[in-house]
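From first to last, the protein sequence lines stand for chains A and B.
Position 123 of the first sequence, counted from 1, bears residue number 123 in the numbering used here, the numbering being contiguous throughout.
Position 268 of the second sequence, counted from 1, bears residue number 587 in the numbering used here, the numbering being contiguous throughout.
C-beta: ideal position from N, C-alpha, C; glycine also.
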Amino acid sequence: MKQWPLVLIGFLFIAAWPLLVDDVFLQRVGALVLLAAISASAWNLLGGYAGQVSVGHAVYFGAGAYASLVVYTELGWPPIAGAPVGVAVSLAIAALIGTPTFRLRGHYFSMATIAAAELFRILAANWPLLGAAVGLMGPPVPRTVADLSFLSPIPYHYLFLAVLVVLLTLTWKMQRSRMGYYLAAIRGGDRAARSLGVPVLRYKLYALLLSAGFTSIAGSLYAVMVGFIDPDSALGILISVKLLIIAALGGAGTLFGPLVGAMILIPLEETTNAMFGGGGTGITFIVYGAIILLVARFQPRGIAALWEAITTRRASRVP
Amino acid sequence: MILLQVTVSGLLMGSVYALFSSGLTLIWGMMNVVNFAHGDFVMLAMYAAFFAFTLLKLGPIFFIPGAAAILFVLGVVVYLGLVRHVAKGPMLAQILGTFGLALVLRYAAFWAFTANFVSLPSNLAGGTFDFYGLRIEASRLLAGVLALVITTGMHLVLTRTALGSRLLAVAEDRNAAMLMGIRPDRMQAVAWGIGAASTGVAGALIALFFYVSPTVGESLSLIAFVVVCLGGFGSVPGALIAGLGIGVIQALSAYLIGAVYQDVIVYSLFLLVLWVRPQGLMGTN
Numbered sequence: 001m002k003q004w005p006l007v008l009i010g011f012l013f014i015a016a017w018p019l020l021v022d023d024v025f026l027q028r029v030g031a032l033v034l035l036a037a038i039s040a041s042a043w044n045l046l047g048g049y050a051g052q053v054s055v056g057h058a059v060y061f062g063a064g065a066y067a068s069l070v071v072y073t074e075l076g077w078p079p080i081a082g083a084p085v086g087v088a089v090s091l092a093i094a095a096l097i098g099t100p101t102f103r104l105r106g107h108y109f110s111m112a113t114i115a116a117a118e119l120f121r122i123l124a125a126n127w128p129l130l131g132a133a134v135g136l137m138g139p140p141v142p143r144t145v146a147d148l149s150f151l152s153p154i155p156y157h158y159l160f161l162a163v164l165v166v167l168l169t170l171t172w173k174m175q176r177s178r179m180g181y182y183l184a185a186i187r188g189g190d191r192a193a194r195s196l197g198v199p200v201l202r203y204k205l206y207a208l209l210l211s212a213g214f215t216s217i218a219g220s221l222y223a224v225m226v227g228f229i230d231p232d233s234a235l236g237i238l239i240s241v242k243l244l245i246i247a248a249l250g251g252a253g254t255l256f257g258p259l260v261g262a263m264i265l266i267p268l269e270e271t272t273n274a275m276f277g278g279g280g281t282g283i284t285f286i287v288y289g290a291i292i293l294l295v296a297r298f299q300p301r302g303i304a305a306l307w308e309a310i311t312t313r314r315a316s317r318v319p
Numbered sequence: 320m321i322l323l324q325v326t327v328s329g330l331l332m333g334s335v336y337a338l339f340s341s342g343l344t345l346i347w348g349m350m351n352v353v354n355f356a357h358g359d360f361v362m363l364a365m366y367a368a369f370f371a372f373t374l375l376k377l378g379p380i381f382f383i384p385g386a387a388a389i390l391f392v393l394g395v396v397v398y399l400g401l402v403r404h405v406a407k408g409p410m411l412a413q414i415l416g417t418f419g420l421a422l423v424l425r426y427a428a429f430w431a432f433t434a435n436f437v438s439l440p441s442n443l444a445g446g447t448f449d450f451y452g453l454r455i456e457a458s459r460l461l462a463g464v465l466a467l468v469i470t471t472g473m474h475l476v477l478t479r480t481a482l483g484s485r486l487l488a489v490a491e492d493r494n495a496a497m498l499m500g501i502r503p504d505r506m507q508a509v510a511w512g513i514g515a516a517s518t519g520v521a522g523a524l525i526a527l528f529f530y531v532s533p534t535v536g537e538s539l540s541l542i543a544f545v546v547v548c549l550g551g552f553g554s555v556p557g558a559l560i561a562g563l564g565i566g567v568i569q570a571l572s573a574y575l576i577g578a579v580y581q582d583v584i585v586y587s588l589f590l591l592v593l594w595v596r597p598q599g600l601m602g603t604n
């Protein structure tokens with residue numbers, strides 16, 4: 001990690017962001033960037049490092065989001081108490097779906113993940129416990145501080161930052177461990193990895209479990225902050241796509257790629273939403289689509305590859 | 320009797336599924352690239368048919384080939400402008416490229432045509448008639464039969480003509496085909512054109528009896544994936560059988576369990592088949 005001064009500056013900037021800007025909109029964007037970075041970094045563990053492109057991570061995001069609000073509506077617990085429940089459900093779903101699905105390669109895997117996610121979305125949209133098509137609401141007014149219901153985005157900012165730091169530290173450790181090398185081998189190709197003695201299915205499953213767990217936590221945090229979810233906002237295919245786009249734009253399979261992607265896309269999304277109002281979601285997704293189309297066409301390995309090209313050129317210039 | 324009625328309408332719908340899925344299977348088999356915007360192509364064709372009728376007062380005889388022609392051009396343009404380049408990149412780039420296209424098409428339609436459902440007059444192809452107690456809408460019958468004929472035609476073109484041989488040669492072995500004087504790039508552009516044209520016809524046919532909305536493509540894409548995976552990629556007869564099967568399963572589960580669960584049954588079945596036979600029902604590997 002030769003670039004640690006840059007990482008430190010970046011971290012200080014992000015940590016100081018809500019204090020630097022006085023505007024609630026900008027503070028909220030900051031918190032949302034961190035939340036998106038958590039979700040996309042979680043996706044990155046499986047989709048980036050292990051190269052298994054999941055287009056169904058909304059399942060885990062939704063499990064976390066629904067678990068948070070269900071423990072509130074059914075048991076009256078503070079929503080954040082649902083996070084461990086969401087993680088448990090996500091791990092169960094991941095183990096159930098992952099084991100057979102990992103035998104599929106390439107596009108088949110991506111398609112199976114889409115189908116599985118859509119399955120869960122339709123089921124949730126018709127299950128009264130989960131609010132069916134209407135969705136669920138969190139506590140309208142905070143009962144205790146444990147409800148984590150704040151008017152200001154600043155507490156969320158630091159909560160999300162703490163989770164992101166844990167996740168990225170874990171990812172960094174993982175990258176440098178045996179598992180990191182195994183996943184890199186799996187990304188290069190199943191058969192080659194297996195012939196080198198890598199337990200392919202087992203490590204794919206480890207990556208999925210880690211990825212699903214953190215995606216679920218991101219879902220819970222989202223539900224806690226926003227206080228309202230419905231099948232489309234928690235389980236829709238666009239959620240899955242968003243995680244993938246953010247990670248891929250920054251650079252899939254790199255430590256800071258998802259964070260960089262989130263820092264570009266989320267401010268863009270919030271600005272277009274604010275500019276075009278209610279009908280803005282349409283415009284937002286046109287912009288999203290255009291960006292990933294162009295990235296795929298001209299810079300298929302994301303911004304990280306661009307950055308790498310710049311830094312290696314500089315390094316070769318100075319002997 | 321009612322079960323027979325449901326099965327027949329499932330077969331008619333399934334034959335349209337088979338038609339646009341054949342287009343996807345052709346593209347997939349040719350270059351191992353999945354078009355995530357395939358269902359959105361169908362959506363565009365549905366709008367093309369709708370506007371051809373409402374604005375230009377053109378009937379089905381004109382707007383069906385018209386939609387096919389428009390989509391053929393779109394397919395070629397998409398191949399030359401996007402797919403040709405992303406196909407060389409990592410798989411993630413292929414998924415992103417066509418998914419990005421899907422989002423752009425879907426939400427541009429959303430923006431331009433609003434989210435409101437629109438539909439063609441239901442009697443465009445004639446009313447409903449009775450066939451030994453079976454009640455069949457003329458528009459659905461026309462769509463089903465025409466889709467069946469065109470799908471069969473596509474299969475014959477692929478297996479019986481020089482163009483088909485050239486296409487299959489590129490699918491089989493790109494380099495060997497090049498040595499035989501076939502230009503793979505041109506053939507792949509043609510495959511994208513034909514694949515998209517199949518969605519053009521299918522979309523115009525579906526518009527005869529189904530409402531049109533910007534997001535209709537999402538579920539159609541998934542149905543096409545299911546059909547192609549079940550039929551084995553690259554196989555038009557496989558897509559035909561799988562398409563008819565999916566149509567019947569959907570219709571029966573909608574009738575027996577409830578319309579909202581019809582896709583749950585289809586996706587579960589799809590996952591089950593993938594897990595048991597990862598190469599598809601009729602695929603070989």
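C-beta contact flag for residue i and residue j at 8 Å
i: A:L46; j: A:S54; result: yes
i: B:A427; j: A:I245; result: no
i: B:A570; j: B:G358; result: no
i: B:A466; j: B:A521; result: yes
i: B:F339; j: B:S517; result: yes
i: A:L151; j: A:F214; result: no
i: A:G106; j: B:M410; result: yes
i: A:I303; j: B:L415; result: no
i: A:F120; j: A:V59; result: yes
i: B:Y586; j: A:E118; result: yes
Chain A contact residues for residue i, given Cβ-Cβ distances below 8 Å
i: B:S587; result: L119
i: B:L541; result: I114, A115 and E118
i: B:F528; result: Under the 8 Å cutoff, chain A gives no residues; its nearest Cβ is about 23 Å from B:F528.
Proximal residues of chain B, C-beta to C-beta of residue i below 7 Å
i: A:Y288; result: L422
i: A:R103; result: P597
i: A:I283; result: W430
i: A:M111; result: F544 and C548
i: A:A248; result: L411 and L415
Cβ neighbours of residue i in the same chain (closer than 6 Å, five flanking residues each side left out)
i: B:S458; result: A444, L527 and F528
i: A:Y66; result: L130
i: B:L331; result: R459 and G463
i: A:A133; result: A125
i: A:T113; result: S54, V55 and G56
i: A:P142; result: S149
i: A:P153; result: Q27, R28 and A31
i: B:G550; result: G557, A558, A561 and M601
Residue i - containing alpha helix (DSSP H), residue span
i: A:R178; result: R178 to G188
i: B:R485; result: A481 to E491
i: B:S341; result: I321 to M350
i: A:S211; result: V200 to V226
i: B:S587; result: Q581 to V595
i: B:M506; result: P503 to A526
Partners in chain B for residue i, counting only beta-carbon separations shorter than 9 Å
i: A:L123; result: Y580 and V583
Residue i versus residue j - alpha carbon distance
i: B:V595; j: A:P140; result: 47 Å
i: A:F61; j: A:L235; result: 7 Å
i: B:F432; j: B:Y574; result: 32 Å
i: A:F256; j: A:G86; result: 26 Å
i: A:P319; j: A:E308; result: Residue placement at A:P319 cannot be trusted, given a pLDDT of 45 that sits under 50; the coordinates are not used to answer.
i: B:G348; j: B:F552; result: 5 Å
i: A:L183; j: A:T271; result: 37 Å
i: A:M111; j: B:I542; result: 11 Å
i: A:N273; j: A:I266; result: 10 Å
i: A:Y191; j: A:G219; result: A small correction: the amino acid at residue 191 of chain A is Arg; Tyr does not occupy that position in the sequence shown. Each residue's alpha carbon lies about 34 Å from the other.
i: A:A305; j: B:E456; result: 56 Å
Residues of its chain near residue i, where Cβ-Cβ distance is below 7 Å and the 5 sequence neighbours each way are ignored
i: A:A262; result: V33, A36, A37, A40 and I246
i: A:I264; result: L249
i: B:V395; result: A508, W511 and G512
Chain A contact residues for residue i, given Cβ-Cβ distances below 7 Å
i: B:V353; result: H107
i: B:W594; result: P100
Spatial neighbours of residue i in its chain, beta-carbon cut-off 8 Å, leaving aside the 5 residues before and after
i: B:I501; result: R485, A488 and V489
i: B:V555; result: S341, T344, L345, T470, M473, H474 and L477
Extent of the continuous beta strand (DSSP E) run through residue i
i: B:D449; result: T447 to F450
i: B:L453; result: L453 to E456
beta-carbon residue i near the ligand HEM non-hydrogen atom, thresh 7 Å
i: B:S538; result: Ligands are entirely absent from the displayed structure, and the ligand HEM is therefore not among its contents.
Beta-carbon neighbours of residue i, restricted to chain A and to distances below 9 Å
i: B:L401; result: L293, A296 and R297
Chain B contact residues for residue i, given Cβ-Cβ distances below 8 Å
i: A:I237; result: E537
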